[in-house]
Amino acid sequence: QVDTIRMDRPLLERCFCGFPISIFFIVVNEFCERFSYYGMKAVLVLYFKYFLNWEDDFAITIYHTFVALCYLTPILGAIIADSWLGKFKTIIYLSIVYAVGQVVMAVSAIHDITDTNKDGVPDSMTFHVALSMVGLILIALGTGGIKPCVAAFGGDQFDEDQEKQRGTFFSIFYLSINAGSLLSTIITPILRAQKCGIHSKQQCYPLAFGVPAALMVVALIVFIVGSGMYTKVPPAGNILVKVCKCVGFAVSNRFKHRSSTFPKRAHWMDWAEEKYDKLLIAQVKMVLKVLFLYLPLPMFWTLFDQKNIPGSRWTLQATTMNGDFVRFLLPLLQITVNPILILVLVPIMDSIVYPLISKCKLNFTPLRRMTVGMFFAAVAFVAAALVQLQIDNTLPKFSSSTESQAKFINMVDGTLHITAGPEKFTLDPFTATQDYLTFDEPFEMSVNASRPESITLPHGNRTTLVIAREGFQLGYRIFQDFNTKPDQGYNAIRFLNGFRSPLSVSVGTESIGNINTNDMSPYVKLSHGTISFTIENLLGNQCSFSRKLGFGSSFTYFIPSTFAMGENCDQHIREVEDIKPNSIHMAWQIPQYFLMTTGEVVFSVTGLEFSYSQAPSNMKSVLQAGWLLTVAVGNIIVLIVAEAAQLPDKWAEYILFASLLVLVCIIFAVMAMFYTYTDPAKIEAQFLNMEPEDKEKKNMEKDKKGMADESGKSSDFSSDEEKTKQSKL
36 QVDTIRMDRP
46 LLERCFCGFP
56 ISIFFIVVNE
66 FCERFSYYGM
76 KAVLVLYFKY
86 FLNWEDDFAI
96 TIYHTFVALC
106 YLTPILGAII
116 ADSWLGKFKT
126 IIYLSIVYAV
136 GQVVMAVSAI
146 HDITDTNKDG
156 VPDSMTFHVA
166 LSMVGLILIA
176 LGTGGIKPCV
186 AAFGGDQFDE
196 DQEKQRGTFF
206 SIFYLSINAG
216 SLLSTIITPI
226 LRAQKCGIHS
236 KQQCYPLAFG
246 VPAALMVVAL
256 IVFIVGSGMY
266 TKVPPAGNIL
276 VKVCKCVGFA
286 VSNRFKHRSS
296 TFPKRAHWMD
306 WAEEKYDKLL
316 IAQVKMVLKV
326 LFLYLPLPMF
336 WTLFDQKNIP
346 GSRWTLQATT
356 MNGDFVRFLL
366 PLLQITVNPI
376 LILVLVPIMD
386 SIVYPLISKC
396 KLNFTPLRRM
406 TVGMFFAAVA
416 FVAAALVQLQ
426 IDNTLPKFSS
436 STESQAKFIN
446 MVDGTLHITA
456 GPEKFTLDPF
466 TATQDYLTFD
476 EPFEMSVNAS
486 RPESITLPHG
496 NRTTLVIARE
506 GFQLGYRIFQ
516 DFNTKPDQGY
526 NAIRFLNGFR
536 SPLSVSVGTE
546 SIGNINTNDM
556 SPYVKLSHGT
566 ISFTIENLLG
576 NQCSFSRKLG
586 FGSSFTYFIP
596 STFAMGENCD
606 QHIREVEDIK
616 PNSIHMAWQI
626 PQYFLMTTGE
636 VVFSVTGLEF
646 SYSQAPSNMK
656 SVLQAGWLLT
666 VAVGNIIVLI
676 VAEAAQLPDK
686 WAEYILFASL
696 LVLVCIIFAV
706 MAMFYTYTDP
716 AKIEAQFLNM
726 EPEDKEKKNM
736 EKDKKGMADE
746 SGKSSDFSSD
756 EEKTKQSKL
């Protein structure tokens with residue numbers, strides 16, 4: 036039937052540059068669908084944190100759960116496609132579900148729906164949570180359901196003699212995925228940053244989710260437009276149930292005949308021959324052989340999914356680095372560098388690297404490629420560990436749960452001799468200690484040989500003790516400091532007022548507020564670059580100055596009692612560095628991203644093509660779903676390992692993951708050595724040719740059995756007749 040469909044079409048309609056015209060609709064559909072998926076996903080964690088007000092850990096957990104669900108549902112889509120509806124109808128119906136889910140997500144992000152008091156905050160958060168969960172479930176069903184069908188449907192458009200074109204298609208298909216991912220991860224965060232709303236202007240999550248919803252509708256329309264050009268392979272019935280029953284019967288039959296008196300068979304699935312035809316058994320063997328190879332693969336996705344997810348290890352690593360070279364692209368760097376590299380590396384691999392390897396007479400089989408891809412991913416995490424070691428050398432040593440740290444500031448116009456527990460030091464006027472002092476218990480503090488006072492600081496925290504003149508005596512005040520590096524590369528800035536009267540401080544056009552004498556302002560988080568500050572006294576006199584800030588620093592600017600308004604007023608302002616700015620450049624992350632993306636291109640593109648080429652004709656989607664299932668298991672492993680392996684050092688976590696993947700890589704390489712590549716079409720053709728002979732044999736056996744039964748019946752009838760005669764006599 037498939038061959039008939041192909042041959043009935045005119046040549047120009049079927050092919051363009053050696054490729055079926057239908058695949059261009061499939062590639063455009065995939066681009067739009069991936070734009071929709073990755074665009075929504077790019078702002079999903081931010082939506083959880085800042086709109087639904089969830090904690091970081093809970094937001095990341097729900098995120099990984101959603102991703103895992105997206106890669107579990109392909110099994111459902113594959114069953115529907117291969118068993119009942121076929122790939123074409125499955126893609127249509129589940130794309131509708133997908134589009135509805137995206138629309139529901141966009142609606143859930145409209146704060147005005149429940150904002151009855153018009154303050155910009157939803158009054159019924161339960162409504163928004165429930166609506167967003169419904170939307171995410173629909174999206175997971177839609178995107179997961181069509182995942183195995185689209186790739187397999189694209190493969191169906193090629194004839195058996197177009198193996199090279201089919202391989203190129205899978206590369207183009209993967210390029211379209213990452214092109215959609217690249218554009219969406221740049222555009223949707225920009226859309227989110229816009230202000231929108233009816234009653235009050237808030238970050239525009241409805242727009243950030245609405246554009247992906249619109250692209251999903253476009254994807255559906257494009258796919259439907261190409262309907263008349265597709266090769267549509269009809270479904271083969273409930274194939275998964277058949278496979279399960281066949282496997283179950285083979286296992287039970289083998290168990291029944293476990294005695295050594297029964298002759299052994301070449302394969303354990305051959306024990307199903309008594310009930311199932313040889314073609315189905317051969318197809319099941321092919322599928323099981325590939326699924327067995329998939330067992331080690333989730334470990335690759337465990338590492339892969341930690342590189343570009345908001346809140347993941349690599350993005351957190353980037354926040355402790357100097358991102359000066361990316362400027363305004365800093366928030367997008369981690370989620371765009373991967374698709375950019377893929378767009379560059381896929382053509383290079385297909386056009387240069389693989390042909391060169393082939394010319395060198397090296398047998399670089401698909402399984403060997405996948406092994407090399409996993410090895411590249413492991414090396415990427417080793418590179419990340421080396422970068423982390425360098426970062427750790429520059430990070431401040433924060434206090435543990437049994438320690439407290441303190442910094443001392445002298446706000447007095449005179450030298451202070453301070454004794455704090457076992458520490459003795461001298462502070463010049465309007466200066467501070469260079470580093471934090473660590474205390475593991477309460478201590479006594481004495482200033483200029485005064486009567487000691489007992490000081491108790493909270494454990495696990497950093498504090499600043501400001502010594503200032505209160506009336507005619509010296510006193511001190513304790514202020515809480517930042518106990519971690521400021522997140523997302525921001526700088527934490529605050530002001531300490533040692534002036535004789537209250538002062539007002541502004542950053543740009545925003546006011547920090549009024550600061551009383553000997554009091555500290557709250558921290559404000561500022562991005563990197565040159566920041567302008569304005570100090571104003573009660574008379575309206577102003578002092579303007581600017582400071583250039585890096586990434587991840589914390590400063591206390593204190594205004595001494597000698598401060599005076601005027602041209603050079605900023606010379607009086609003292610700067611205390613609480614946390615040093617990040618010094619390791621973010622460019623050092625490029626090697627690990629390059630290695631990981633190289634591994635992804637070699638591993639993932641090859642895996643997609645391998646899954647299709649080794650699958651029987653009626654189980655293409657099922658095997659694609661099995662491939663995608665490894666991604667789901669990888670995300671589940673991330674959640675488990677994140678909870679179980681609480682290592683004190685981040686570099687140790689990277690080495691742990693790299694070691695696990697190297698171990699898995701070795702296991703997979705050994706398994707691949709024993710794998711025999713098959714041509715499913717040839718094997719199926721052989722068994723289809725054998726079927727008429729088998730049927731004849733079975734019919735002959737039935738005829739013989741029938742004749743034997745009839746002769747038995749006639750002999751029984753004659754013996755009964757004889758008995759009757761004897762009885763009558």
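So that you can map any letter, position 136 of the sequence shown is 171 in my numbering, and since no number is skipped, the others follow by simple counting. For glycine and all other residues, C-beta sits at the position ideal for the given N, C-alpha and C.
For E644, which of T149, F101, F188 and N496 has the nearest alpha-carbon? Working through the sequence shown from its first residue, we reach residue 644 at position 609. Nearest C-alpha to E644: F188.
Report buried or exposed for K310, applying the criterion of at least 16 other Cβ atoms within 10 angstroms of its Cβ. Looking up residue 310 in the sequence shown gives position 275. Classification of K310: exposed, given that the 10 Å Cβ count is below 16.
Taking the beta strand (DSSP E) that D613 belongs to, which residues open and close that run? In the sequence shown, counting from the first residue as 1, residue 613 sits at position 578. Its beta strand (DSSP E) spans residues R609 to I614.
Between which residues of its own chain and T466 is the CB-CB distance below 6 Å, once the five residues before and five after are set aside? In the sequence shown, the residue the question calls residue 466 occupies position 431. Contacts found: N445.
Delimiting residues of the alpha helix (DSSP H) encompassing L120: The residue you call residue 120 lines up with position 85 of the sequence shown. Segment: none, L120 is in no alpha helix (DSSP H) and carries neither H nor E.
S71 versus V138 - alpha carbon distance: Residue numbering aside, residue 71 sits at position 36 when the sequence shown is read from its first letter. Residue numbering aside, residue 138 sits at position 103 when the sequence shown is read from its first letter. Going by the C-alpha atoms only, they are around 11 Å apart.
Alpha-carbon to alpha-carbon, G587 and M356: Working through the sequence shown from its first residue, we reach residue 356 at position 321. Working through the sequence shown from its first residue, we reach residue 587 at position 552. If you take the alpha carbons of M356 and G587, they lie about 8 Å apart.
Sequence-distant residues of its chain with Cβ nearer than 7 Å to A141 (five each side left out): One-based indexing of the sequence shown puts residue 141 at position 106. Around A141: P241, F244, G245 and A248.
Residues in the same chain with beta-carbon distance under 8 Å from N549, minus the five sequence neighbours each way, listed in chain order, please. Indexing the sequence shown from 1 puts residue 549 at position 514. Excluding sequence neighbours, N549 sits near P537, L538 and S539.
Count Cβ pairs between the segment 436 to 455 and the segment 475 to 489 that sit closer than 8 Å; are there 3 or more? yes
Between the segment 378 to 390 and the segment 684 to 691, do three or more beta carbon pairs fall short of 8 Å? no
At least one CB of chain C closer than 8 Å to the CB of C231: is that the case? No chain C appears in this structure, which consists of one protein chain only.
Nearest CA to the CA of S652: which residue from L217, T713, I625 and T296? To locate residue 652, count along the sequence shown from 1; it is residue 617. The shortest C-alpha separation from S652 is found at T713.
Kindly identify the DSSP beta-bridge partner or partners of N653. Residue mapping note: residue 653 aligns to position 618 of the sequence shown, counting from 1. Bridge partners of N653: none, in fact.
Would you please state the rounded distance, in angstroms, between the beta carbons of S235 and G155? I believe it to be under 8 Å. In the sequence shown, the residue the question calls residue 235 occupies position 200. In the sequence shown, the residue the question calls residue 155 occupies position 120. Their Cβ separation, rounded to whole angstroms, is 4 Å, which keeps S235 and G155 in contact under 8 Å.
Taking the alpha helix (DSSP H) that K280 falls in, what are its first and last residues? Taking the first residue of the sequence shown as 1, we reach residue 280 at position 245. Its alpha helix (DSSP H) spans residues I274 to K291.
List, from N- to C-terminal side, the alpha helix (DSSP H) runs of 4 residues or more that fit wholly inside the segment 434 to 459. none
The segment 170 to 184 in contact with the segment 128 to 136 per 3-pair CB rule at 8 Å: yes
Which term fits K230, buried or exposed, when burial requires 16 or more other beta carbons within 10 angstroms of its beta carbon? Residue numbering aside, residue 230 sits at position 195 when the sequence shown is read from its first letter. Result: exposed.
State the CB to CB distance for the pair F534 and S581, rounded to an integer number of angstroms; the pair is presumed to be in contact (CB under 8 Å). Start at 1 with the first residue of the sequence shown, and residue 534 comes out as number 499. Start at 1 with the first residue of the sequence shown, and residue 581 comes out as number 546. So it is not a contact: roughly 20 Å between Cβ atoms.
List the residues that DSSP assigns as beta-bridge partners of L584. Your numbering for residue 584 matches position 549 in the sequence shown. According to DSSP, which records beta bridges pairwise, L584 is partnered with G564.
Going by beta-carbon coordinates alone, are Y106 and N670 separated by less than 8 Å? The sequence position of residue 106 within the sequence shown is 71, counting from 1. The sequence position of residue 670 within the sequence shown is 635, counting from 1. Contact flag set, yes.
Does DSSP classify K310 as helix, strand or coil? The residue given as residue 310 occupies position 275 in the sequence shown. Coil.
Taking 7 Å as the cut-off, is the C-beta of A243 nearer than that to any heavy atom in the ligand NAP? No copy of the ligand NAP occurs in the structure displayed, which carries no ligand at all.
Three-state secondary structure assigned by DSSP to T498: For this step, residue 498 is matched to residue 463 along the sequence shown. It is a strand residue.
In terms of DSSP beta bridges, what is G548 paired with? The residue you call residue 548 lines up with position 513 of the sequence shown. For G548, which the question treats as bridged, DSSP gives the partners V540.
So R201 is in the alpha helix (DSSP H); what residue range does that whole segment cover? Here residue 201 is taken as the residue at index 166 of the sequence shown, counted from 1. Residues E198 to A228.
At least three beta-carbon pairs within less than 8 Å, the segment 417 to 436 to the segment 610 to 619: yes
R529, buried or exposed, once every other Cβ within 10 Å from all chains shown has been counted against 16: Within the sequence shown, residue 529 is the residue found at index 494, counting from 1. Buried, since its Cβ has 16 or more Cβ neighbours within 10 Å.
If you follow the beta strand (DSSP E) that A418 is in, where does it begin and where does it stop? Against the sequence shown, residue 418 aligns to sequence position 383. A418 -> not in any beta strand (DSSP E); alpha helix (DSSP H) instead, spanning P401 to T429.
Measuring alpha carbon to alpha carbon, tell me which of H494, M409 and L430 ends up nearest S436. Reading the sequence shown from its first residue, position 401 is the one you call residue 436. Comparing Cα-Cα distances from S436 to each of H494, M409 and L430, the minimum goes to H494.
Reduced DSSP secondary structure (H/G/I, E/B, other) of E756: Residue 756 sits at position 721 when you count from the first residue of the sequence shown. Any answer about E756 is weak, because its pLDDT of 48 lies below 50 and its placement is not dependable; what the coordinates show is given next. Residue state, collapsed to three classes: helix.
Can you list, in chain order, the residues of its chain with a C-beta nearer than 8 Å to that of P366? Leave out the 5 residues immediately preceding and following it. Taking the first residue of the sequence shown as 1, we reach residue 366 at position 331. Caution applies to P366, whose pLDDT of 48 falls short of 50 and renders its modelled position unreliable; the value that the coordinates give is listed next. Counting only Cβ-Cβ distances below 8 Å, and skipping sequence neighbours, we find P224 and Q523.
From the DSSP output, in three-state form, read off K737 for me. Your numbering for residue 737 matches position 702 in the sequence shown. Residue confidence is low: K737 scores 46 on pLDDT, short of 50, so the model does not pin down where it sits. No coordinate-derived value is stated.
Which residues in the same chain have their Cβ closer than 6 Å to the Cβ of R512, if we skip the five residues on either side of it in sequence? For the purposes of this step, residue 512 is taken as the residue at position 477 of the sequence shown. Cβ neighbours of R512 beyond the five flanking positions: V501.
Where does the unbroken alpha helix (DSSP H) through I702 begin, and where does it stop? As a first step, residue 702 must be located in the sequence shown, where it is residue number 667. Per DSSP, I702 belongs to the alpha helix (DSSP H) from K685 to M708.
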